[in-house]
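**Q** Going by this note's numbering, the residue at position 155 of the sequence shown is 146; the numbering climbs one at a time, nothing skipped. Handing you a structure now.
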Amino acid sequence: MNAVSLLSSLLSSSRDATLGYLADFSDAELLKRPVAGANHAAWQVGHLILSERFICGEIPGFSYPELPAGFAEAHGKDRATSSDASGWLTRAEYEALFKATREATLAGLARLDGAALDKPTESRLKGKAPTHGNLLALLTQHDAMHGGQFSVIRRLLGKPVLF
-8 MNAVSLLSSL LSSSRDATLG YLADFSDAEL LKRPVAGANH AAWQVGHLIL
42 SERFICGEIP GFSYPELPAG FAEAHGKDRA TSSDASGWLT RAEYEALFKA
92 TREATLAGLA RLDGAALDKP TESRLKGKAP THGNLLALLT QHDAMHGGQF
142 SVIRRLLGKP VLF
C-alpha cells in the first residue's frame, strides 16, 4: 500500500466514523450542548467542513462544491456558543455537505503521487503539518477529536455507545 492509498483509506474511515456518530441524531439533538459553553454538533460539523476546505486549499488541484450562502458565517467562531437555535441546517443537509467535501478531498488526493505528498506546507499549519501528506493526515485527527465530542453528546442523549 502506498501513501496515497493509505491516506484515502484513513479519510474514508474517518468520514464513516464521523457520520456514524451523528446518524441517529435528530435535527434538534444536533443543537444539544454537553455543558454550557461547549460547541454543539451542528456547529462542529460545519467547522469540520470549513476546516477541510481550508486545510486542503493549500494543495494544488483540490476544489470543492459551493457551500450554501452564509454557511461560513453561521459556523464561525463567534457563533460557536450562540444559543440562537435558528439558522442551522438539518442533519441530512450536514451529512450531504460533509460527504461532498470529503469526496472532493478524496478526488484531489487520487490525483496526487508520493512526491506531491512530500511538498512543504506554506501556511500557518506548517508547524502541525509540515507536508501536504501531513495536512491530509491532519484531517483524520481532526475528525477523531470531534468524534470524541460527539460521543460525549451521544452519552448525554442516552444513545448507544459506538465504535
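Glycine is no exception: its CB is placed at the ideal position from the N, C-alpha and C atoms.
(1) Taking the alpha helix (DSSP H) that ASN125 belongs to, which residues open and close that run?
(2) Does the Cβ-Cβ distance between LEU2 and LEU127 come in under 8 Å?
(3) Label ALA32 either buried or exposed according to how many other C-beta atoms from any shown protein chain fall within 10 Å of its C-beta, with 16 as the threshold for buried.
(4) Can you tell which of LYS119, ARG146, ARG102 and LEU153 has its C-alpha closest to the C-alpha of GLU20?
(5) How would you write the range of the alpha helix (DSSP H) that SER42 sits in, first residue to last?
(6) Rounded to a whole number of angstroms, what is the C-alpha to C-alpha distance between PRO51 and ASN(-7)?
(7) Report yes or no: do the region 80 to 90 and the region 129 to 140 share at least 3 C-beta pairs separated by less than 8 Å?
(8) Just the C-alpha distance for LEU22 and SER77, rounded to the nearest angstrom, thanks.
(9) Please name the residue in THR112, ALA107, PHE141 and THR96 whose C-alpha comes closest to that of SER0.
**A** From the atom records:
(1) In the DSSP assignment, ASN125 falls within the alpha helix (DSSP H) that extends over 123 to 147.
(2) The criterion of a C-beta distance shorter than 8 Å is satisfied by LEU2 and LEU127.
(3) Its Cβ being crowded by 16 or more others within 10 Å, ALA32 is buried.
(4) For GLU20, the nearest C-alpha among the options comes from ARG146.
(5) Run containing SER42: 32 to 47, per the alpha helix (DSSP H) assignment.
(6) Between PRO51 and ASN(-7), the C-alpha separation is close to 20 Å.
(7) The answer is no - the region 129 to 140 does not touch the region 80 to 90, with fewer than three Cβ pairs under 8 Å.
(8) Cα to Cα, LEU22 sits roughly 10 Å from SER77.
(9) For SER0, the closest C-alpha among the options THR112, ALA107, PHE141 and THR96 is that of THR96.
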